[in-house]
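Peer 1:
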Amino acid sequence: MSQSKAPKVRATLSCILVGIVLAVVAVVTDHWAVLGPEAEQHNTTCEAAHFGLWRICIKRLFTSSSRGKSCGPITLPGEKNCSYFRHFNPGESSEIFQVTTQKEYSISAAAIAIFSLGFLIMGTICVLLSFRKKRDYLLRPASMFYAFAGLCIFVSVEVMRQSVKRMIDSEHTVWIEYYYSWSFACACAAFVLLFLGGLALLLFSLPRMPRNPWESCMDAEPEH
């Protein structure tokens, strides 16, 4: 690799590393979306929920007249119970939470996120081998793996967004309001960094193109 490309590759890999960390944080945490029911006037408590790809947490909060009909915010202290989605843990029931999960959407989002982690692992292996064995050509498949991982994260985000929308629009739901939380923001940022970083790494790792029309690729500067 030429000396002019080496700093660009290192900077790109640094951005990709941040994207990897954000992607892992988004997948393993359960703050993708926060759901809130209508707080009844005669009740002193209400239940708000936050969930991710694998489980949902119900938090019992104290209500006050100053917050009107909304329940929350979720950051208020209260008793919290978390349970993995029933289709991920068949032996555990989530009926006590009185929540309807979109099984197909949830399984799809989780499966696509697992594919994303697989692409990240394969890309990282290629990068480590390229540094250890001095094989710069391995950066090209690594860049594609990172770009594919970013696309998988994007699809998972969109599937989760559709799941939340269907849950709110359902006639049988108790939730009347929602917003996306920090895990969702981590996933969106991971998509941008991984996808754009993968494309940038691919461009920087390509061999130098001939400067003149009569110069062949074989005459270009060899990679080190």
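Add 1092 to a position in the sequence shown, counting from 1, and you land on the number used in our numbering.
We put the beta carbon where it would ideally sit given N, CA and C, even for glycine.
Excluding five sequence neighbours on each side, which residues of the same chain lie with their C-beta closer than 7 Å to the C-beta of V1110?
Peer 2: Along the sequence shown, read from residue 1 onward, the residue named residue 1110 stands at position 18. Only L1285 meet the Cβ criterion.
Peer 1: With DSSP run on the structure shown, which of helix, strand or coil describes G1144?
Peer 2: Numbered from 1 along the sequence shown, position 52 holds the residue referred to as residue 1144. In the structure shown, G1144 sits in coil (DSSP, three-state: anything other than H, G, I, E or B).
Peer 1: Could you tell me whether the segment 1214 to 1228 touches the segment 1245 to 1256, where touching means 3 or more Cβ pairs closer than 8 Å?
Peer 2: Short answer: they don't touch.
Peer 1: Looking at C-alpha atoms only, which residue of S1106, F1283, S1275 and K1097 is the closest neighbour of C1244?
Peer 2: In the sequence shown, the residue the question calls residue 1244 occupies position 152. When each option's Cα is compared against that of C1244, the closest is F1283.
Peer 1: Quick check on this structure: which residue in P1129, K1097, L1291 and V1119 has the alpha carbon closest to the alpha carbon of I1199?
Peer 2: Walking along the sequence shown from the start, residue 1199 turns up at place 107. The shortest C-alpha separation from I1199 is found at V1119.
Peer 1: Alpha carbon to alpha carbon, how far is V1101 from A1292?
Peer 2: One-based indexing of the sequence shown puts residue 1101 at position 9. One-based indexing of the sequence shown puts residue 1292 at position 200. Each residue's Cα considered, the two are about 8 Å apart.
Peer 1: Verify whether the separation of the beta carbon atoms of I1204 and S1248 is less than 8 Å.
Peer 2: Your numbering for residue 1204 matches position 112 in the sequence shown. Your numbering for residue 1248 matches position 156 in the sequence shown. Yes; because the gap between Cβ atoms is below 8 Å, this pair is in contact.
Peer 1: Taking only three categories from DSSP, how would you classify T1216?
Peer 2: Translated into positions along the sequence shown, residue 1216 becomes position 124. Three-state DSSP puts T1216 in a helix.
Peer 1: Expressed to the nearest angstrom, what Euclidean distance is found between the alpha-carbon atoms of L1288 and A1239?
Peer 2: Taking the first residue of the sequence shown as position 1, residue 1288 is located at position 196. Taking the first residue of the sequence shown as position 1, residue 1239 is located at position 147. Whole-angstrom Cα-Cα distance: 7 Å.
Peer 1: Does I1112 pass the burial test, meaning 16 or more other C-beta atoms within 10 Å, or should it be called exposed?
Peer 2: Within the sequence shown, residue 1112 is the residue found at index 20, counting from 1. I1112 should be labelled buried.
Peer 1: Which of the three DSSP states, helix, strand or coil, is assigned to R1232?
Peer 2: Stepping through the sequence shown from its first residue, residue 1232 is reached at position 140. Helix, per DSSP.
Peer 1: Quickly, what does DSSP pair G1128 with across the bridge? List them, please.
Peer 2: Counting from one through the sequence shown, the residue named residue 1128 turns up at place 36. DSSP, once it has assigned bridges, lists E1269 as partnering G1128.
Peer 1: Can you say whether A1098 is buried or exposed, counting buried as having 16 or more other CB atoms within 10 angstroms of its CB?
Peer 2: For the purposes of this step, residue 1098 is taken as the residue at position 6 of the sequence shown. The residue in question, A1098, is exposed, as its Cβ has fewer than 16 Cβ neighbours within 10 Å.
Peer 1: Quick one: Cα of P1299 to Cα of A1234, how far?
Peer 2: On the sequence shown, residue 1299 is found 207 positions in, with the first residue counted as 1. On the sequence shown, residue 1234 is found 142 positions in, with the first residue counted as 1. Going by the C-alpha atoms only, they are around 15 Å apart.
Peer 1: Are L1127 and T1137 touching if we call contact CB-CB under 8 Å?
Peer 2: As a first step, residue 1127 must be located in the sequence shown, where it is residue number 35. As a first step, residue 1137 must be located in the sequence shown, where it is residue number 45. No, they are not a contact pair.
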